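Just below is one structure, and these are the notes that go with it.
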Amino acid sequence: MNIVFAISEVEELVKTGGLADVGKALPLALDGLGESVTIVMPYYQVLAEQFELPTITEQQTLFTEGQVYHFDIRYMQWHGIPIYFVDSSEYFMREGLYANAFEAYEDNGERFSFFSGAVLQTLKAIDKKPDIIHCHDWHAAMLPFLLTHDKSGYFDGTKTIFTIHNAAFQGVHKLECIPFLRHHPNILAQVHGGYINMLQSGIEFATKVTTVSPNYASELLTDLGSHGLHERLVNRQADLSGILNGCDYTQWNPETDTFLPENYGVENLHPKTTCKRALQEKSGLPENGNVPLIGMVCRLTEQKGFGYILPILDDLIKHNIQIVIVGTGDPKVCMDLGEFAQQHPDQFAFINGFSSEHAHLVEAGADFFLMPSQFEPCGLNQMYSLAYGTIPIVRSVGGLKDTVIDYSNDNDGTGFVFDEPTPHALLTCIRRALLAYYEDTVKFRAMQQRGMRTQFTWEAAAKSYQQLYLAAVN
Numbered sequence: 036m037n038i039v040f041a042i043s044e045v046e047e048l049v050k051t052g053g054l055a056d057v058g059k060a061l062p063l064a065l066d067g068l069g070e071s072v073t074i075v076m077p078y079y080q081v082l083a084e085q086f087e088l089p090t091i092t093e094q095q096t097l098f099t100e101g102q103v104y105h106f107d108i109r110y111m112q113w114h115g116i117p118i119y120f121v122d123s124s125e126y127f128m129r130e131g132l133y134a135n136a137f138e139a140y141e142d143n144g145e146r147f148s149f150f151s152g153a154v155l156q157t158l159k160a161i162d163k164k165p166d167i168i169h170c171h172d173w174h175a176a177m178l179p180f181l182l183t184h185d186k187s188g189y190f191d192g193t194k195t196i197f198t199i200h201n202a203a204f205q206g207v208h209k210l211e212c213i214p215f216l217r218h219h220p221n222i223l224a225q226v227h228g229g230y231i232n233m234l235q236s237g238i239e240f241a242t243k244v245t246t247v248s249p250n251y252a253s254e255l256l257t258d259l260g261s262h263g264l265h266e267r268l269v270n271r272q273a274d275l276s277g278i279l280n281g282c283d284y285t286q287w288n289p290e291t292d293t294f295l296p297e298n299y300g301v302e303n304l305h306p307k308t309t310c311k312r313a314l315q316e317k318s319g320l321p322e323n324g325n326v327p328l329i330g331m332v333c334r335l336t337e338q339k340g341f342g343y344i345l346p347i348l349d350d351l352i353k354h355n356i357q358i359v360i361v362g363t364g365d366p367k368v369c370m371d372l373g374e375f376a377q378q379h380p381d382q383f384a385f386i387n388g389f390s391s392e393h394a395h396l397v398e399a400g401a402d403f404f405l406m407p408s409q410f411e412p413c414g415l416n417q418m419y420s421l422a423y424g425t426i427p428i429v430r431s432v433g434g435l436k437d438t439v440i441d442y443s444n445d446n447d448g449t450g451f452v453f454d455e456p457t458p459h460a461l462l463t464c465i466r467r468a469l470l471a472y473y474e475d476t477v478k479f480r481a482m483q484q485r486g487m488r489t490q491f492t493w494e495a496a497a498k499s500y501q502q503l504y505l506a507a508v509n
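Our numbering numbers the first residue of the sequence shown as 36 and each following residue consecutively.
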């Protein structure tokens, strides 16, 4: 099949989050299965500074009522996959992708509506008629709407897949602030109270709708888990599926990880103690191989469960444990964690920042990895933790529920799971994990090894997408 990815970021080129991981890994996996894959994405300032890419067509022009848009199409070959870049200096030559520091650009609705239209124009300009255009998140959500109402006939055989990576981010904007859309003859049906919800439009007009884990797909059909999209998704239930993201084991493998002081594998976990000492040293904690160490690497947001974590820190620190949290985000959460670290320097370390080295060291050196998320569409860190023999402590939501099996004395568990969205439920779960750590080292080691043998591959995900593409085309 001829597949085009319309996506706003691709890891290795430009990245702000997990969307970029999919933008890299899934096209490569599909290419490996013999599919013809092309990527179209914005030509951001950070890309222009990094690559001087040639334009490959004459300048393109898009017309809307009362407005003319000019852009160039730039090109590169990347791991054997062609990438075409929409080059509009007005919209994409900026410091950040979506925001300046922490403040989202006011014209994001206009920028990415234009991007959706520019993807279609780019495909016409390079004379590519895809079987499938795979649109990712709200940034490309208006593309199925624009394609449905395209009068040229060029895309008559083209179907669209729309993947929701995180339904909390919906691209809600005032229509009057989107010149690219506001005079479209069919747009008013998408407007409610003067606002357009791009994610809703993507759900309504795409041929098929997916999200990044089976359990998150189920949650999106409930009032509680749908972020307000419940009715729209129930209407499209027959076309909604959840396909679990894979894990990039070329980057996350304790046997080959160059960030580690000593590598290890499932049959020899002893070097993990060397990694633990390195993590303690790097984090400013006393070096002690016997004390259980809980690690966490994430964006510091309410979604990641800090509403459960902060209220129990005083109780948690009474145990003989160490905790390392690495991340950036909500200034209030940063301040609370920083103050707690100052009060408990021998047990609690907070690193306000991010480095790949520290992230890899946490995965390898910690005994437990904490992910008590409010919601988690897929999650990747629990997959990394399993691969590194670091036991995940997670809430039973989204992809966490799909990937971590709860442990009780004699089962095939790979981690510790709690359901109730309360601080007390998290505290109880952590205490259960600590008891297992101290109580039976043989069973604990067996649990680590079970996790390390668990695999969530991009090849498996790509095969599921292949089946979905075929279903859409047929």
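Idealized CB from N, CA, C, for every residue including glycine. Model, not experiment: these values are computed from the prediction.
Q | Reference residue 372; option with closest CA among 335, 399, 451, 416 | A | It is 335.
(Q) In whole angstroms, give me the CA-to-CA distance for residue 226 and residue 337. (A) Their Cα atoms are separated by approximately 29 angstroms.
**Q.** Residue interval of the beta strand (DSSP E) (run including residue 142)
**A.** Looking at the DSSP string, residue 142 is not in any beta strand (DSSP E), and its letter there is neither H nor E.
**Q.** 3 or more residues per run - each beta strand (DSSP E) lying fully within the stretch 261-288
**A.** Counting whole runs of 3 or more residues, the stretch 261-288 contains the beta strand (DSSP E) stretches 275-277.
Q) In or out: residue 370 buried (at least 16 other Cβ within 10 Å) or exposed? A) Exposed is the call here.
Q: Taking residue 512 and residue 193 to be in contact with their CB atoms under 8 angstroms, please state how far apart those CB atoms are, rounded to whole angstroms.
A: With the chain covering 36 to 509 only, the question about residue 512 has no answer from this structure.
Q.
I want to know whether the stretch 92-101 touches the stretch 56-73 - three or more CB-CB distances under 8 angstroms.
A. The stretch 92-101 makes no contact with the stretch 56-73: fewer than 3 CB pairs, one atom from each, lie closer than 8 angstroms.
(Q) Tell me which residue opens and which closes the alpha helix (DSSP H) that residue 238 is part of. (A) Note, residue 238: alpha helix (DSSP H), 233-240.
Q | Straight-line Cα distance separating residue 92 from residue 368 | A | Distance between residue 368 and residue 92, taken at the CA atoms: about 48 angstroms.
Q) Three-state secondary structure (DSSP) at residue 384? A) For residue 384, the three-state secondary structure derived from DSSP is strand.
(Q) Taking 7 angstroms as the cut-off, is the beta-carbon of residue 107 closer than that to any non-hydrogen atom of the ligand PLP? (A) Among the components modelled here there is no ligand, and therefore nothing to report on the ligand PLP.
(Q) Assuming residue 493 and residue 41 are in contact, meaning their beta carbons sit under 8 angstroms apart, how far apart are those beta carbons, in whole angstroms? (A) Taking a contact as a CB-CB distance under 8 angstroms, the pair residue 493 and residue 41 does not count as one, their CB atoms being some 19 angstroms apart.
Q: Starting from residue 250, trace the alpha helix (DSSP H) both ways and give me its first and last residue.
A: Annotation: the continuous alpha helix (DSSP H) that includes residue 250 extends over 249-254.
Q) Tell me the DSSP bridge mates of residue 332? A) According to DSSP, residue 332 bridges with 361.
Q.
Assuming the contact rule is C-beta atoms closer than 8 angstroms, residue 440 and residue 464 should be a hit. Round their C-beta distance to whole Å, please.
A. Between residue 464 and residue 440 the Cβ distance is about 14 angstroms, and since that is not below 8 angstroms, they are no contact.
Q) Cβ atoms of residue 424 and residue 512: under 8 angstroms apart, would you say? A) Only positions 36 to 509 of the chain appear in the structure, and residue 512 is not among them; the question remains open.
Q.
What would DSSP say about residue 105, mapped onto helix, strand or coil?
A. When secondary structure is reduced to three states using DSSP, residue 105 falls in the strand class.
Q: Kindly indicate which residue of 307, 78, 167, 155 has the alpha-carbon position closest to the one of residue 130.
A: Residue nearest to residue 130 within the set 307, 78, 167, 155 is 78 (criterion: CA-CA distance).
Q: Using 10 angstroms around the beta-carbon of residue 187, count the other beta-carbons present and answer buried if the total reaches 16, otherwise exposed.
A: With fewer than 16 other Cβ atoms within 10 Å, it is exposed.
Q: Consult DSSP for residue 212 and reduce its assignment to one of helix, strand or coil.
A: It is helical.
Q: Pick helix, strand or coil for residue 126, following the three-state DSSP scheme.
A: Residue 126: helix per DSSP, three-state reduction.
(Q) Taking DSSP's pairing of strands, which residues face residue 27 in a bridge? (A) In the structure as shown, the chain starts at 36 and stops at 509, and residue 27 therefore has no counterpart that could be examined.
Q: Determine the closest residue to residue 87 out of 75, 106, 111, 70, with distance taken between C-alpha atoms.
A: The candidate whose alpha carbon is nearest that of residue 87 is 111.
Q.
One question on the structure: do residue 206 and residue 147 come within less than 8 angstroms of each other, judged by their Cβ atoms?
A. In this structure, residue 147 lies closer than 8 angstroms to residue 206 by Cβ.
Q.
I'd like the span of the alpha helix (DSSP H) that includes residue 459, first residue to last.
A. Per DSSP, residue 459 belongs to the alpha helix (DSSP H) from 458-474.
Q: Could you name the residues of the same chain whose beta carbon sits closer than 6 angstroms to that of residue 299, not counting the 5 residues immediately before and after it, in chain order?
A: The beta carbon of residue 299 sits closer than 6 angstroms to those of 289, 306, 307, all from its chain and outside the five residues before and after it, given in chain order.
**Q.** Residue from 449, 363, 407 with nearest C-alpha to residue 344
**A.** Closest option to residue 344, Cα to Cα, is 407.
Q) Would residue 250 be called buried (16 or more neighbouring beta carbons within 10 Å of its own) or exposed? A) Looking at its Cβ environment, which holds 16 or more other Cβ atoms inside 10 Å, residue 250 is buried.
Q: Inspect the beta-carbon positions of residue 234 and residue 202 and report whether they are closer than 8 angstroms.
A: Note that the C-beta distance between residue 234 and residue 202 is below 8 angstroms.
Q. Out of 502, 200, 70, which has the shortest C-alpha to C-alpha gap to residue 412?
A. When each option's Cα is compared against that of residue 412, the closest is 200.
Q: Go through its chain and collect everything with a Cβ distance to residue 204's Cβ below 8 angstroms, but skip five positions before and after it.
A: The answer, listed in chain order, is 172, 173, 234.
Q: Just tell me which of 126, 136, 74, 159 has its CA closest to the CA of residue 120.
A: Cα-wise, what sits closest to residue 120 is 74.
Q: Along the alpha helix (DSSP H) that carries residue 397, what are the first and last residues, could you check?
A: Annotation for residue 397: the continuous alpha helix (DSSP H) segment containing it runs 391-400.
Q: Enumerate in chain order the residues of its own chain whose CB-to-CB distance from residue 467 is below 7 angstroms, with the five nearest sequence positions on each side excluded.
A: Taken in chain order, the residues that qualify are 451.
Q: State yes or no: is the C-beta of residue 68 within less than 8 angstroms of the C-beta of residue 501?
A: Contact annotation: residue 68 and residue 501 have beta-carbon atoms nearer than 8 angstroms.
Q: Determine the contact status of residue 301 and residue 484, defining contact as a CB-CB distance below 8 angstroms.
A: For residue 301 and residue 484, yes; Cβs fall inside 8 angstroms.
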